[in-house]
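Encoded as structure tokens, the structure appears first; notes follow it.
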Amino acid sequence: MSDKTCTIRTRKFMTNRLLQRRQFAELKEKLTSMYDVKDSQCVFLFGFRTQFGGGKSTGFGLIYDDLKAAKQFEPKYRLIRNGLEKKVDRSRKQMKERRKRAKKVRGVKKAAGAAFKEVSSVEELEALVSPEHNGGRMAVVDFYAGWCACCKSSFPALCRIPTSEFLSQHFNFYKANIEEGDFAGFIKRKGVRGIPYVLVFNSDGNDLIGMGASFKKMEALRKNLDAIARADPAKRDFVLDPNGFIMNR
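1 is the number of the first residue of the sequence shown in the UniProt record's numbering; add one for each residue after it.
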């Protein structure tokens, strides 16, 4: 901050958290008088919690040259507390609508209609990944459950993977709810111990590799799919290293 913009002076003091608000009013008057401040609204006081000192807190006062500088650099909540800004009152209906808009911005609604096609039975899945129906592409199958919180948190990030033009050229994307059909038994026979889990099928319909699909593993999953797509089809035989990345056998 340039000296030409404004001069900020600080003053350290000790206060009691229980009486902080009342003491702030008194301290504001004292600091206004001490520094010959023309407008007391240019003085901003706030405290920090401490774990010692018999319940006392360390406080700081910021004294601006004028209100223009204060409004430029102070956060809105302190401007509201000093009476320089008005708090916007929102009804319950307005707050509910705001939350709905925020969900749409975060992509939760958009993710629900992403490129993962729902399959309802093991037979349907086996048919879709077979060479007769896969169009020469490999298949990525996400196994999830409605009660799985980890599945819900990772799904929006998972849905961003098919948006890659390169990956969408090499893979078909499916999702399967293990609460339906015999998917629970299907993944158990595959040696899967937990969800969310992704199985990758080769273009010949056989299993290629499986890996976890939690939110923390999304970047590894994306890189693994990219590496699988770029690999020589005749040499697609992979295992996972200890960090969750694929490597040739």
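Just so you know, even glycine gets a beta-carbon here, dropped at the ideal spot from N, CA and C.
| Check | Outcome |
| --- | --- |
| Looking at the strands, I want to know which residues DSSP matches up with Asp66. | BP columns for Asp66 are empty, so no partner. |
| Using only the alpha-carbon positions, how far apart do residue 271 and Asn202 sit? | Missing from the structure shown is residue 271; the chain here goes from 1 to 249 and no further. |
| According to DSSP, is Gly61 part of a helix, a strand, or is it coil? | strand |
| If you check the beta carbons only, do Ser168 and Ala231 fall under 8 angstroms apart? | no |
| Spatial neighbours of Val108 within its chain, please: C-beta separation below 7 angstroms, excluding the five flanking residues on both sides. | Reliability of the predicted coordinates at Val108 is poor, the pLDDT of 42 falling under 50, and no value is obtained from them. |
| Am I right that Tyr174 and Leu125 are in contact with their C-beta atoms under 8 angstroms? What's the rounded C-beta distance? | 7 angstroms |
| Between the stretch 132-144 and the stretch 72-86, do three or more beta carbon pairs fall short of 8 angstroms? | no |
| When you compare the CB positions of Gly205 and Pro131, do they come within less than 8 angstroms of one another, or not? | yes |
| Select from Phe238, Ala234, Pro242 and Leu208 the residue whose C-alpha is nearest the C-alpha of Lys217. | Pro242 |
| Under 7 angstroms Cβ to Cβ from Glu179, same chain only, skipping five residues before and after it: list those, please. | Ala145 and Gly146 |
| Tell me the rounded alpha-carbon separation between Arg236 and Lys152. | 31 angstroms |
| Are Ser154 and Ser214 close, meaning C-beta to C-beta below 8 angstroms? | yes |
| Cys159 and Pro196 look like a contact to me (Cβ under 8 angstroms); what is the Cβ gap, rounded to whole Å? | Not confirmed; about 12 angstroms, so no contact. |
| Could you check the C-alpha separation between Arg249 and Gly210 for me, to the nearest Å? | 14 angstroms |
| Can you name the residues that DSSP bridges to Lys117? | Tyr174 |
| Less than 8 angstroms between the CB atoms is what I'm expecting for Val141 and Leu221, so what's the real figure, rounded? | Between Leu221 and Val141 the Cβ distance is about 13 angstroms, and since that is not below 8 angstroms, they are no contact. |
| Quick one: measure Cβ to Cβ for Ala176 and Val119, integer angstroms, because I've assumed they're closer than 8 angstroms. | 5 angstroms |
| Among residues of its own chain, excluding the 5 on either side of Ala70, which ones have a beta-carbon nearer than 6 angstroms to its beta-carbon? | Cys42 and Tyr64 |
| Taking the C-alpha atoms as reference points, what is the distance between Ala112 and Leu27? | Because the pLDDT at Ala112 is just 41, under 50, the model does not fix this residue reliably, and the value given afterwards should be weighed accordingly. Going from the Cα of Ala112 to the Cα of Leu27 covers about 55 angstroms. |
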